[in-house]
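Q: Position one of the sequence shown corresponds to residue 114 (full-length UniProt numbering), numbered consecutively onward. Pasting a structure below so you can have a look.
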Amino acid sequence: AKSQGRNTYCFYQEEMSREVMARLTLENALRLALAREEWVLHFQPQVHLATRRLTGVEALVRWQHPEQGLILPGRFIPIAEEMAIIGDLGAWVLRAACRQMQEWDALGCAVPRVAVNLSVQELERAALVPLVQEVLRETGLAPERLELEVTESMIMCEAGRAIETLRALQQLGVSVAVDDFGTGYSSLRYIKNLPLNRLKVDHAFVQDVGRSHDDDAIVRAIIGLGHSLDLEVVAEGVEREEQREFLQREGCEVGQGYLFGRPVPAEQIVARPLADGAR
Ligand code: C2E
Ligand code: CA
Ligand code: CA
Ligand code: CA
114 AKSQGRNTYC
124 FYQEEMSREV
134 MARLTLENAL
144 RLALAREEWV
154 LHFQPQVHLA
164 TRRLTGVEAL
174 VRWQHPEQGL
184 ILPGRFIPIA
194 EEMAIIGDLG
204 AWVLRAACRQ
214 MQEWDALGCA
224 VPRVAVNLSV
234 QELERAALVP
244 LVQEVLRETG
254 LAPERLELEV
264 TESMIMCEAG
274 RAIETLRALQ
284 QLGVSVAVDD
294 FGTGYSSLRY
304 IKNLPLNRLK
314 VDHAFVQDVG
324 RSHDDDAIVR
334 AIIGLGHSLD
344 LEVVAEGVER
354 EEQREFLQRE
364 GCEVGQGYLF
374 GRPVPAEQIV
384 ARPLADGAR
C-alpha cells in the first residue's frame, strides 16, 4: 500500500507540474500577446425586439493566437485578471471599440451604441474614468454611444469605489448596464440606488422561456423589476423565435443572441445609413 501511495504521489506531482507548465506557457503567451496586440474584437448585434432594428452592438474580445487561431475570452480573461494585465487588455478593448464606432460612422453605417465589458479590477482602478474620458476625446465618440457592462457581484461586494466610479461614468454621459442579471446576489433594495441604465437578463433564464412556466415567471419578474427601476431590459442568449415572442410580449425592449446574429468581425456588421444629424 505504501509503494502504491508513493506511485500515486509521483503521478500526482507529474500531473501538477504539467499543469503548472501549461499555465506558465499560457501566461508567457499572454504577455507576448499583450505586447503584440494579438487581440481582435467581434461584435454582436443588439436589436429592438419588436422591429429587429439594431440598437447597438456588444464588443467581445478574442485572442488571435499565431498558432492556435481564435481563442475565446473564457480561456484567457480569467487568467489576465489574475495576472493583473486585464487593465491593459481592457484599455485596448475600450479604445478599439470606440475607434470602430468612428470607422462605422465614417462609412455611414449607423451603429447607435457599443457596449464594452469591464472586469472588476478595471472598475476599481482610479484610472478608469480618465481613461474613458481620454478615449472619448480621442475618438470624438458621443458619450451616450458608449455603454459599459458590469456584473452584479462587481458592484455589490466592492461597494465603495465601484459605485463612485459608476457615478462618475454616468456623469460623463456614458451608460451602464448590469450584465448577467440574476446570477449574482444582488439585494433589490441596494440595486435601486445604483447608477444603472440597463439590465441584461442572463441567458440561463432566457433559455427556456416560452416552454417552462418557472422560467417564464422568473423572466417576467426580472423584466418587471427592471422597468420599475426605470431600466431598459435586454435579454441575452435569444436563440429561438418563441423566446423573442415571449420577451416582446412581456415588454422586454432589446434582445441579443444567435437568433439576431452571432458575434462577428466589424466588417460583417450591417446597419442602415446614419440619418442626418444622428451623429
Ligand atoms: P458575456 O458578457 O455574458 O457575453 C455574452 C456571451 O454569450 C458571449 O460569449 C457570446 O458569444 C455568447 N452568446 C451570445 N449570444 C448567444 C446565444 O444566443 N446563445 C449562447 N449560448 N451564447 C450566446 P464570449 O464572446 O465567448 O464571451 C464570454 C465572456 O467573456 C463574456 O460574457 C464576458 O464576460 C467576457 N468578455 C468578453 N469580452 C470581454 C472583454 O473585452 N473584457 C472583459 N473583461 N470580459 C470580456
Ligand atoms: Ca457582457
Ligand atoms: Ca452577459
Ligand atoms: Ca457571462
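Ideal placement from N, C-alpha and C gives every residue a C-beta, glycine not left out.
Any idea which residues DSSP pairs R175 with across the strands?
A: V153
Q: Report yes if the C-beta distance between G339 and V351 is below 8 Å; otherwise report no.
A: Contact check for G339 against V351 fails: the beta carbons are separated by 8 Å or more.
Q: Measuring alpha carbon to alpha carbon, tell me which residue in L236, W205, P179, D343 is nearest E277.
A: L236
Q: Pick from L372, I304, A290: whose alpha carbon is nearest that of Q320?
A: L372
Q: Give the secondary structure of L372 by DSSP, where H, G and I count as helix, E and B as strand, and everything else as coil.
A: coil
Q: List the whole-angstrom C-beta distance separating Q246 from L285, where the pair is believed to meet the contact cut-off of C-beta under 8 Å.
A: 6 Å
Q: Going by other Cβ atoms of all chains shown within 10 Å of its Cβ, with 16 needed for buried, is L309 buried or exposed?
A: buried
Q: Indicate the three-state DSSP secondary structure (helix, strand or coil) for C211 in the structure shown.
A: Helix, per DSSP.
Q: Just the C-alpha distance for Q361 and V346, rounded to the nearest angstrom, thanks.
A: 11 Å
Q: Secondary structure at P225, three-state DSSP: helix, strand or coil?
A: coil
Q: Going by DSSP, what residues sit across from A348 in a beta bridge?
A: V314, G368
Q: From E194 to A148, what does the alpha carbon distance come to, in whole angstroms?
A: 16 Å
Q: Can A204 and L254 be called in contact, C-beta distance under 8 Å?
A: no
Q: Is it a yes or a no for the segment 328-336 touching the segment 310-318, going by three-plus beta-carbon pairs under 8 Å?
A: Because the criterion of three Cβ pairs below 8 Å is met, the segment 328-336 and the segment 310-318 touch.
Q: Of all the CB atoms in chain B, is at least one closer than 8 Å to the CB of V291?
A: The structure shown has no chain B; it contains just one protein chain.
Q: Does the separation of the CB atoms of E171 and F189 fall below 8 Å?
A: no
Q: In the DSSP output, what is V291 paired with across the bridge?
A: V263, L312
Q: Using only the alpha-carbon positions, how far apart do L261 and V133 sit?
A: 34 Å
Q: Does at least one heavy atom of ligand 3 sit under 7 Å from the Cβ of E277?
A: no
Q: Exposed or buried, which one is Q381 when buried takes at least 16 other CB atoms within 10 Å?
A: Q381 is exposed by the Cβ-count criterion.
Q: To the nearest angstrom, report how far apart G297 and T264 are at their CA atoms.
A: Straight-line measurement puts the Cα of T264 at about 8 Å from the Cα of G297.
Q: Sorted by chain position, which residues of the same chain lie with C-beta nearer than 7 Å to L344's C-beta, five sequence neighbours on each side aside?
A: L309, N310, R311, L312
Q: Which of helix, strand or coil does DSSP assign to L183?
A: strand
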